[in-house]
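Engineer: Dumping the structure here so I can ask a few things about it.
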Amino acid sequence: MKFGVIQFPGSNCDQDAYYAIRDVLEQPVEYIWHQESDVRNYDCVILPGGFSYGDYLRTGAIARFSPVMNAVQEFAERGGLVIGICNGFQILCEAHLLPGALLTNNTLRFRCKYVHLRVENDSSSFTHLCRRGQVLRIPIAHHSGCYYCETETLKELEDNDRILLRYCDKDGNVTEEANPNGSVSNIAGIINAHGNVAGMMPHPERAVEELLGSTDGILILRSIVERLA
Amino acid sequence: MPKANVYVTLKPSLLDAQGKVVQGALEKLGYTNVSNVRIGKYIQLEIQGDGNLEQQVDEMCRKLLANPVIEDYRFEIEK
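Chains as they are written, first to last, in our numbering: chain B, 1 to 229; chain Y, 230 to 308.
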């Protein structure tokens, strides 16, 4: 089993993701430069957080045309596991591997803090070690994390159990006050129709050691490992 | 050389957080008669060729310059 962490110009959570996989989960992992045209050697590809291409035009808009994204597209079509975290989520939406888009936070503030997340789907490749309704504590750090999709898309996500995580309070109540960015229906993470491509704004790779304040991110990352095992 | 002026705006149904803040600032300056401030992008580009430039620019908008999920666009070409 091998993880690949894509490095776009401007990625800045690539090393955190690499560290979490190699040192915490003790799994093989390599960096993938954005100019690569093949990712077939990997079992799971991670699109990390950051500000790829300076977030020019729109977040993720330029990165989606990186050569590696063609390879990621093919990899995803063949069923490979792909997870986009923060900027990675934005890139996957721009690349139409996930529906919807991420808008500027409704507060207009860069939100950098721990949030509570309610697990909505506990059978996906990315969350099966959690239990439905479980509250995770994982940090966010973004300026454009307001998930938006049209009403029909939202219904499709809800009807097919494609919402992985929702922002909630510490007791698991999904409220407006617990929504840090104005996301529709408090959505923090989703999967595609085939269940092999996930996107989430919170950073599981930043919640993998007690020293960091939480280890809940391990549940997400280890779910992937166990699904691939 | 022909020039294209492209205007990209958030769909009217979406909250424009920037516009809201700017409107608040205008109100503080005394312009209490201002409403519905929306902020968009203006992209200017020069384009060569005698093919169907309208079609090309439209394609650029759909592929890259605008995200149809959240944005509308319009453009004009000055020949």
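A virtual CB, placed ideally from N, CA and C, is assigned to each residue, including glycine.
To which residues does DSSP link D301 (chain Y) through a beta bridge?
Structural biologist: Y:T238
Engineer: Enumerate in chain order the residues of its own chain whose CB-to-CB distance from I21 (chain B) is below 6 Å, with the five nearest sequence positions on each side excluded.
Structural biologist: F3, Q27 and V29
Engineer: Which of helix, strand or coil does DSSP assign to M200 (chain B)?
Structural biologist: strand
Engineer: Check whether the stretch 43-50 of chain B touches the stretch 278-291 of chain Y, taking contact to mean three or more Cβ pairs, one atom from each stretch, closer than 8 Å.
Structural biologist: no
Engineer: I'd like the span of the alpha helix (DSSP H) that includes F89 (chain B), first residue to last.
Structural biologist: According to the DSSP assignment, F89 (chain B) belongs to the alpha helix (DSSP H) that extends over N87 to E94.
Engineer: When Cβ atoms are compared, which residues of the stretch 177-197 of chain B fall closer than 9 Å to chain Y?
Structural biologist: So the list reads G182, given in the order they occur along the chain.
Engineer: Does any C-beta atom of chain B lie closer than 8 Å to the C-beta of Q273 (chain Y)?
Structural biologist: no
Engineer: Taking the runs of the beta strand (DSSP E) that are 3 residues or longer, which of them lie wholly in the stretch 136-211 of chain B?
Structural biologist: 146-148, 163-168, 187-191 and 197-200
Engineer: Can you give, in chain order, each stretch of the beta strand (DSSP E) that sits fully within the stretch 47-108 of chain B and has at least 3 residues?
Structural biologist: 81-85 and 101-103
Engineer: Identify, in the order they occur along the chain, each residue of the same chain with its Cβ nearer than 6 Å to the Cβ of N87 (chain B), setting aside the five sequence neighbours on each side.
Structural biologist: G49, G50 and S52
Engineer: Taking 7 Å as the limit between beta carbons, can you name the residues of its chain near A71 (chain B), skipping five residues before and five after?
Structural biologist: E36, S37, D38 and V39
Engineer: Who are I272 (chain Y)'s beta bridge partners in DSSP?
Structural biologist: I272 (chain Y) is bridged to Y:V235.
Engineer: What are the start and end residues of the beta strand (DSSP E) that includes K292 (chain Y)?
Structural biologist: Here K292 (chain Y) belongs to no beta strand (DSSP E), and DSSP marks it neither H nor E.
Engineer: Looking at the unbroken alpha helix (DSSP H) that takes in Y42 (chain B), where does it start and where does it end?
Structural biologist: Where Y42 (chain B) is concerned, there is no enclosing alpha helix (DSSP H), given that its DSSP letter is neither H nor E.
Engineer: Could you compute how far the alpha carbon of N179 (chain B) sits from the alpha carbon of L97 (chain B)?
Structural biologist: 24 Å
Engineer: State the beta-bridge partners of S214 (chain B) as determined by DSSP.
Structural biologist: B:E209
Engineer: Would you please verify whether the beta carbon of V235 (chain Y) is less than 8 Å from any beta carbon of chain B?
Structural biologist: No, because no Cβ of chain B sits closer than 8 Å to the Cβ of V235 (chain Y).
Engineer: Pull up the distance between the alpha-carbon of A63 (chain B) and that of G259 (chain Y), whole angstroms please.
Structural biologist: A63 (chain B) and G259 (chain Y): Cα-Cα distance of roughly 42 Å.
Engineer: Can you pull the chain B neighbours of L255 (chain Y), defined as C-beta to C-beta under 9 Å?
Structural biologist: Result: empty, since nearest Cβ-Cβ is about 16 Å, beyond 9 Å.
Engineer: Roughly how many angstroms lie between the CA atoms of V286 (chain Y) and K270 (chain Y), to the nearest whole one?
Structural biologist: 15 Å
Engineer: Which residue's Cα is closest to the Cα of L219 (chain B): B:H34, B:A95 and B:S123?
Structural biologist: B:S123
Engineer: Between I299 (chain Y) and K240 (chain Y), which are expected to be in contact by the criterion C-beta below 8 Å, what is the C-beta distance as a whole number of angstroms?
Structural biologist: 6 Å
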